[in-house]
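This report concerns only the one structure given below.
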Amino acid sequence: MKYKNVASVEHINLKEIKNPDFLKSLSYPELNLLASDIRKEIIECTSNNGGHLSGNLGVVELTIALERFFDLSKDKIIFDVGHQSYTHKILTGRDLTKLRKTNGIEGFQKLDESPYDVYECGHSSTSISAANGFAIARDMNHENHNVVAFIGDGSIVNGLALEALNNLIHSNSKVFIILNDNGMSISKPVGALSKMFARISTDASYVWVKKGYRKLMTSTKLGKKIYDFSASIKNRIKGLLVSSNLFSELGYSYVGPVDGHDIKAITKALKRASRTQKSVVVHVCTLKGKGYSYAENDTNGYWHGVGPFDIESGEPKNKHVGERSWSTIFSYLTEEEMENHEKSILISPATLVGSCLDRIIKNEKLKNRVIDVGIAEEHAVTLASGLSINGYHPIISIYSTFMQRSYDQISHDLARMNLNATFLVDRAGLVGQDGDTHQGIYDEAYLSTIPNIVVTMPSTPSEAKLLFDESFNNHGCFFIRLPRCYVKDQEMMDLNLPYGSWMKLFDDPKQKLAIIGVGPLLRELQSELSKARIKCTLINALYVNPVDEKMLSSLLGYSKIVIYNPYSTRGGLVSNVTSYLLDHKFKGAISAYFIPNEFVRAASIDEQLEKYNLLPTQIVDLIKAGK
Ligand SMILES: Cc1ncc(C[n+]2csc(CCOP(=O)(O)OP(=O)(O)O)c2C)c(N)n1
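Counting with the working numbering, you get residues 844 to 1470 for the letters of the sequence shown.
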């Protein structure tokens, strides 16, 4: 790669970086070379380990500029979501080759990973609220450092961020809000505010006009004089061209829009922003995916977060031949159900691509019944309640972890009025490398505390269809949990199972041993039990809440009941079954295997299962050992 004036510029060994102090002594050509090296490292490491590629490629220069301008030995930068903090990780002395590896470098900011990670998240739109708290604490402690919230255009339109914007301006504690505007959320952003950002960025044509004007005028002496004079009125011109926006209307100082790949321009903008007393928004325009053509040209969001891939071809390294993800299975089922149920409406809070549902927007017949609300999980559910009370059937596709945001809306706006809705709870259970912020292991427990709620989990694609069909039969809020894993391609069969009933996979009442389990891992346990010739009654508890009391009552004379739920903490199936058994004076032994109520750190899903003795082979060993 060729850079102007970089003949004498030397590469910096990224592995030798300890902290961002060195940036202050680098020239702009050196900084640009560093940016290009960091970009290569991000592509290389993400291609090997998977991760958030596009967002990180877009913010290389912006992060360099910020960490050069601020003093990270005292100033605090809070990255919203934290998925775009790879350059920050490199500049603060971390080895990106260990990205997302067990005991390596996590994909988000982590307090225990580096003193330069001052806050943690993984869910979006927390940065401005947190920064507000940081700044108030700073001022109360009479300290003197800068607090910076680094947030994307997809995340700043979320309700939490808007609540923070509404409140922060009333405190005298200054925060820098760096708005990283790449015109993308995971895919194209939706909603009125994203239109506003697009308008401001278009107004940024002003910036290019200004640049061209300066170049032309400063090439002669007279021109320079005229330029200097006209510079004094440039802010007025700007005021006319970059018309008022939400931030200035709310009372924030506003600087921008600035070219996010021009370190010098960003530095100038930061200098201006540091002169204001008030909290300030620095609006920076970046190109998501910059430097990797597949990611640069991606409009649907495929390259936002990827598994390992071949750099040259862009092809994924793990092909999963003959298998399908549960998200894919449900995307086909959703299409089928939407075709069969005219009043069904699909709602997604910015995760259509992750849940493989973007294909439904391409279906001419269905696209008008798809609503992407952006990162707005609370709104998604209350919107669903408004549709449901008017006779429509909402299908809400949502990741388990992000559904945490909508607990109140599920309880207050849907379940309380006993309104019908189908929830497809994606990435339910352990999620692997995304780590503790993204685990889908808590929803079973918290959903089971809400009245009028049905929680289910299929163990095969045919059961998925059975449950999806059943969810349209007026059962109120019907949740179907689907895990983050692949299943062998298989033909779907029409199953016949009464609503709320469990299924016996083995039926051997003489043994007085029952194993009650759930999900695809139950099917693996089934074959391990067969291999080990363990005789028992094996039950598929696909209705997790409420449980099948009729079947449970038939087990009261058994001597041992084992409960196996590798997709959830204790609340849900395990506590529902044990409560029933205790209430009905079960005299036998109970063993329960489930995920402990912990925040589970990044590792592969199998490593996480193994750690908690939840692999089917481990369960067989435990049963053999009489545990
Ligand atoms: C509450 C919540 N919902 C959904 C997500 C999934 N998610 C991660 S990053 C992202 C897009 C964020 O867009 P933006 O803030 O513009 O950042 P960019 O990736 O474009 O840099 C989404 C939807 C999340 N992390 N948190």
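Idealized CB from N, CA, C, for every residue including glycine.
Distance from the C-beta of N1023 to the nearest heavy atom of ligand 1 is below 8 Å.
Look at N1010: its beta carbon is at least 8 Å from all of the heavy atoms in ligand 1. In this structure, DSSP gives T1380 an extended state, which the three-state scheme calls strand.
As summarised for the region 1400-1433, the continuous alpha helix (DSSP H) elements at least 4 residues long and confined to that stretch are 1416-1426, given in chain order. CA-to-CA, the gap between W1146 and S897 works out to about 6 Å. W1169 sits close to D1269, with the two beta carbons spaced by under 9 Å. Annotated as proximal: I1296 and N1388, with beta-carbon spacing under 9 Å.
In terms of side-chain proximity, the C-beta atom of T906 is found no nearer than 8 Å to any non-hydrogen atom of ligand 1. Here D1279 has F1442, V1443 and R1444 as same chain residues with Cβ atoms under 7 Å from its own Cβ, once five neighbours each way along the sequence are excluded.
Using a Cβ distance threshold of 9 Å, L866 and E910 count as a contacting pair. M1039 and N1088 have their C-alpha atoms roughly 8 Å apart. D1141 counts as buried, since no fewer than 16 other beta carbons sit within 10 angstroms of its beta carbon. Between ligand 1 and the CB of E1220, the shortest heavy atom gap is smaller than 8 Å. For G1360, no alpha helix (DSSP H) encloses it; the enclosing beta strand (DSSP E) starts and ends at L1356 to G1360. The beta carbon of D880 sits closer than 8 Å to the beta carbons of H854, I855 and L857 from its chain, once the five residues preceding and following it are set aside; these are given in chain order.
Taking a contact as a CB-CB distance under 8 Å, the pair L1458 and E1287 does not count as one, their CB atoms being some 20 Å apart. With fewer than 16 other beta carbons inside 10 angstroms of its own, Q1120 counts as exposed. Assigned with DSSP and collapsed to three states, I979 falls in helix.
DSSP, reduced to helix, strand and coil, places S870 outside both helices and strands of the structure shown, so it counts as coil. With contacts defined as CB atoms closer than 9 Å, T930 and V902 qualify as a contacting pair. In this chain, the alpha helix (DSSP H) harbouring Y1289 covers D1286 to L1290. Annotation: the continuous beta strand (DSSP E) that includes R1324 extends over C1320 to R1324. Within the model, the alpha-carbon separation for R1248 versus R1366 is close to 32 Å.
By the C-beta criterion, the region 941-952 is judged to be in contact with the region 1445-1456, since at least 3 inter-stretch pairs fall below 8 Å. Assignment of F1266 by DSSP, reduced to helix, strand and coil, places it in the strand class. With fewer than 16 other Cβ atoms inside 10 Å of its own Cβ, M983 counts as exposed. About 33 Å separates the beta carbon of E1450 from that of Y1423, a gap too long to meet the 8 Å contact definition. Residue state for Y1137 is assigned as helix, using DSSP reduced to three classes.
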